[in-house]
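The opening residue of the sequence shown carries number 4 in the working numbering; numbering runs sequentially from there.
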Amino acid sequence: MKITVRESPTHGLGVFALQDIAAGETLELCPYIVIDDDDLQEANRLNDYLFTSPDDPNDYLVVMGCGMLYNHAAPGNAKWEVDETDNRFLRFYADCDIKAGEELFHDYGEEYWTTRADE
Numbered sequence: 004m005k006i007t008v009r010e011s012p013t014h015g016l017g018v019f020a021l022q023d024i025a026a027g028e029t030l031e032l033c034p035y036i037v038i039d040d041d042d043l044q045e046a047n048r049l050n051d052y053l054f055t056s057p058d059d060p061n062d063y064l065v066v067m068g069c070g071m072l073y074n075h076a077a078p079g080n081a082k083w084e085v086d087e088t089d090n091r092f093l094r095f096y097a098d099c100d101i102k103a104g105e106e107l108f109h110d111y112g113e114e115y116w117t118t119r120a121d122e
């Protein structure tokens, strides 16, 4: 296991490296569930944890594993993509070399913040 979840000085829980991790190395593969925008009829706490689908901006991904617990930083030290070998998973990977004990962050993107400004 390369990562763990624990209290974050940034916000709530966070994801941390248990060992040194090289740039490009996979952190974890997370299964996900796709939900349509129509299923999100009202604002709720789950909305803060959803990922916008890279395939359709009207679909959202409920990411399992530690995927929903990476905190935001811009730039982050981790990124995600739909796994090339099995598209039922998101692959979180190191965007740079990461030292053991460092918190892992990904950039939530501009849309995340602009949609929250409306709430």
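Ideal placement from N, C-alpha and C gives every residue a C-beta, glycine not left out. These figures come from a predicted structure and were not determined experimentally.
{"Asked": "Reference N90, options L32, G112, D39 and E10, closest by Cα", "Found": "L32"}
{"Asked": "Nearest residue (CA-CA) to M4, options D98, P60 and E28", "Found": "E28"}
{"Asked": "One or two residues paired with P78 in a DSSP bridge", "Found": "Paired residue(s): none; P78 is not in a bridge."}
{"Asked": "Inter-residue Cα distance where the pair is P34 and S56", "Found": "13 Å"}
{"Asked": "Cβ neighbour criterion (16 or more within 10 Å) applied to N61", "Found": "exposed"}
{"Asked": "Cut-off 6 Å between Cβ atoms - residues of its own chain near L72, not counting five sequence neighbours on either side", "Found": "V8, L16 and V18"}
{"Asked": "For A103, the first and last residue of its enclosing beta strand (DSSP E)", "Found": "Careful: A103 lies outside any beta strand (DSSP E) and carries neither H nor E."}
{"Asked": "Cβ-based neighbour list, F92, same chain, cut-off 8 Å, excluding 5 preceding and 5 following", "Found": "L32, C33, P34, Y35, V85 and D86"}
{"Asked": "E10: first and last residue of the uninterrupted beta strand (DSSP E) it sits in", "Found": "I6 to E10"}
{"Asked": "Host beta strand (DSSP E) of Y111 (start-end)", "Found": "Note, Y111: premise wrong, no beta strand (DSSP E); not H, not E."}
{"Asked": "Residue burial classification, Y52 (beta-carbon count within 10 angstroms, cutoff 16)", "Found": "exposed"}
{"Asked": "Per-residue DSSP class, three states only, for A120", "Found": "At A120 the pLDDT is 47, less than 50, meaning the model places this residue with poor confidence; the figure from the coordinates comes in the next sentence. Here A120 sits in helix by DSSP."}
{"Asked": "Whether F108 touches L30 by CB criterion (9 Å)", "Found": "no"}
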